[in-house]
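A short worksheet on the structure shown next.
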Amino acid sequence: MFSIIIPIYNVSKYLPDCLDSIVNQTYKGNLEVFLVNDGSTDDSGEIAQQYEKKYPHIFKYLVKENGGLSDARNFAIPYVHNDYVFFIDSDDYIQPNTLETIANVINNYSPDLIIFDYIKQWEDKGILDKILEGNSRLITNKEYLLANPAAWNKIIKTTILKENKILYPKGLWYEDRATTGQYINFCKKIYYVSEGFYTYRQRDNSIMKQNSYNPKMLDICQAMKMFDRQVDDHEYKSEKEYLFISNLLFQNSLRLLPLKKNKEMKECYDILEKKYPNWKQNVYYKKQSKGYKILCLLISKRLYFISRILIKYKMKGA
Numbered sequence: 019m020f021s022i023i024i025p026i027y028n029v030s031k032y033l034p035d036c037l038d039s040i041v042n043q044t045y046k047g048n049l050e051v052f053l054v055n056d057g058s059t060d061d062s063g064e065i066a067q068q069y070e071k072k073y074p075h076i077f078k079y080l081v082k083e084n085g086g087l088s089d090a091r092n093f094a095i096p097y098v099h100n101d102y103v104f105f106i107d108s109d110d111y112i113q114p115n116t117l118e119t120i121a122n123v124i125n126n127y128s129p130d131l132i133i134f135d136y137i138k139q140w141e142d143k144g145i146l147d148k149i150l151e152g153n154s155r156l157i158t159n160k161e162y163l164l165a166n167p168a169a170w171n172k173i174i175k176t177t178i179l180k181e182n183k184i185l186y187p188k189g190l191w192y193e194d195r196a197t198t199g200q201y202i203n204f205c206k207k208i209y210y211v212s213e214g215f216y217t218y219r220q221r222d223n224s225i226m227k228q229n230s231y232n233p234k235m236l237d238i239c240q241a242m243k244m245f246d247r248q249v250d251d252h253e254y255k256s257e258k259e260y261l262f263i264s265n266l267l268f269q270n271s272l273r274l275l276p277l278k279k280n281k282e283m284k285e286c287y288d289i290l291e292k293k294y295p296n297w298k299q300n301v302y303y304k305k306q307s308k309g310y311k312i313l314c315l316l317i318s319k320r321l322y323f324i325s326r327i328l329i330k331y332k333m334k335g336a
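Numbering-wise (the numbering used here), the sequence shown opens with residue 19 and increments by one.
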């Protein structure tokens, strides 16, 4: 039933936790797991091979030159034989009942896509992050678009990926934002499971947690343009508009303004302003907190210094 793809690059410290979480699944059905060594220079490859040797009925070890997370995911897709694909990052792990619960959902509802909550895990604590409100249920495409876009909290039919040639953009940060939105074009039935199956480890050296500026931070602009082309303007106008606000304005400000990257912040905001000049009237934006809206309005007026003070104040209070 399930094919799991795990890109591996220099994660020897965390990889055993990830692979053990798969070995310890309560699900006993058909399962294949592709361990894609993306040019690791530490002991990750050796660890992966040890698991393949010990559990040959589960793990398949693949090797390629370093090409990044997206390239490693894409590399393994042609090898997949089972009905559903699950992408797991090699420094994360899943709960023991994950696959068994999802298998029951598939047997009962036959969804094209399943999504679920996750746990943000620090060294000393974990926090459940609910991607949608309410209980487990079939959801609409609009609900799906507003949920977390990560690849790793989704399980999708293999035929949808292969027949529609859905691949992740190589070398792009925010690759999930550029890819998973288009699933609504091909999935007729999406099921949300209100359980924190996936543990997303918060690492200080993650590329998404930079304390210094990296030009790749601006990849969010390209990712949003790709998302824009994939999702219909008319049917999902409000949802798309809000995601432009959230990604190019609010979330981007938290990354760029503390680093005093005013010019880069303006470039991102201009993309939003050009496509959605009336964004302040967006129905989802209006539902956000007072602090959220104040920050967005300050940035729209290019009041970056005051915006930085607000961000610093909010971060201290977090």
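By construction, the Cβ of each residue, glycine as well, lies at the ideal position given by its N, Cα and C atoms. Quick caveat: nothing in here was measured; it's all calculated off a predicted structure.
Please confirm whether residue i and residue j have their CB atoms less than 8 Å apart.
i	j	result
L274	M283	yes
F104	I173	yes
G309	T217	no
K71	V51	no
N300	Y260	yes
K175	D130	yes
S108	I24	yes
A121	Y45	yes
L316	I324	yes
F262	Y302	no
A241	A168	no
G47	M19	yes
S128	K234	no
I65	S30	yes
K160	E257	yes
S21	V123	no
By DSSP's criteria, residue i is part of a beta bridge. Which residues make up the other side?
i	result
N55	I26, V81
T158	Its beta-bridge partners do not exist; DSSP assigns none.
F245	DSSP lists no partner for F245.
S21	E50, V103
D147	Y136
I112	Y216
Restricting to Cα atoms, I'd like to know which of the options is closest to residue i.
i	options	result
N126	Y209, T176, Y97	Y209
S58	D38, D89, I40, I26	I26
L313	D147, N270, D110	N270
E141	F93, D107, R155, R219	R219
I184	W191, T198, Y73	T198
Y254	D60, T158, L150, G86	T158
I76	I327, Q67, E83	Q67
D288	Y162, G86, D60, K243	K243
Tell me where the beta strand (DSSP E) around residue i begins and ends.
i	result
K183	Here K183 belongs to no beta strand (DSSP E), and DSSP marks it neither H nor E.
L131	131-139
Y218	208-219
I174	172-175
Indicate whether at least one CB of chain D lies closer than 8 Å to the CB of residue i.
i	result
S88	Absent from the structure: chain D. Only one protein chain is present.
Looking only at its chain, what residues have a beta carbon closer than 6 Å to the beta carbon of residue i, apart from the 5 residues adjacent to it on each side?
i	result
F215	I112, Q113, T116, F134
I137	G144, L146, G214, T217
E193	S88, Y186, P187
Q200	Q248
L37	Y69
V81	N55
I149	D135, A165, N166
N84	D56, G57
Whose C-beta lies closer than 7 Å to the C-beta of residue i among residues of the same chain, with five residues either side of it excluded?
i	result
Y231	L277, K279
G335	Summary for G335: the model assigns pLDDT 45, below 50, so the residue's position carries little reliability, and this model does not support an answer.
R155	Y210
D35	Y111
A94	I23, F52, V54, L80
Would you kindly report the start and end of the unbroken alpha helix (DSSP H) that includes residue i?
i	result
V301	301-304
A90	87-94
S62	62-72
M235	Note, M235: premise wrong, no alpha helix (DSSP H); not H, not E.
G309	308-318
R273	270-274
N153	From DSSP, N153 is part of no alpha helix (DSSP H); its letter is neither H nor E.
L277	Careful: L277 lies outside any alpha helix (DSSP H) and carries neither H nor E.
D35	33-41
K258	255-262
Regarding residue i and the ligand HEM, is the C-beta to nearest heavy atom distance less than 7 Å?
i	result
L328	Looking for the ligand HEM in the displayed structure turns up nothing, as the structure carries no ligands at all.
Can you list, in chain order, the residues of its chain whose CB lies under 8 Å from that of residue i, leaving out five sequence neighbours each side?
i	result
I15	Residue 15 lies beyond the stretch modelled for the chain, which goes from 19 to 336, so this question has no answer here.
N92	L185, Y186, K188
N153	S212
I329	S271, L272, L275, P276, L313
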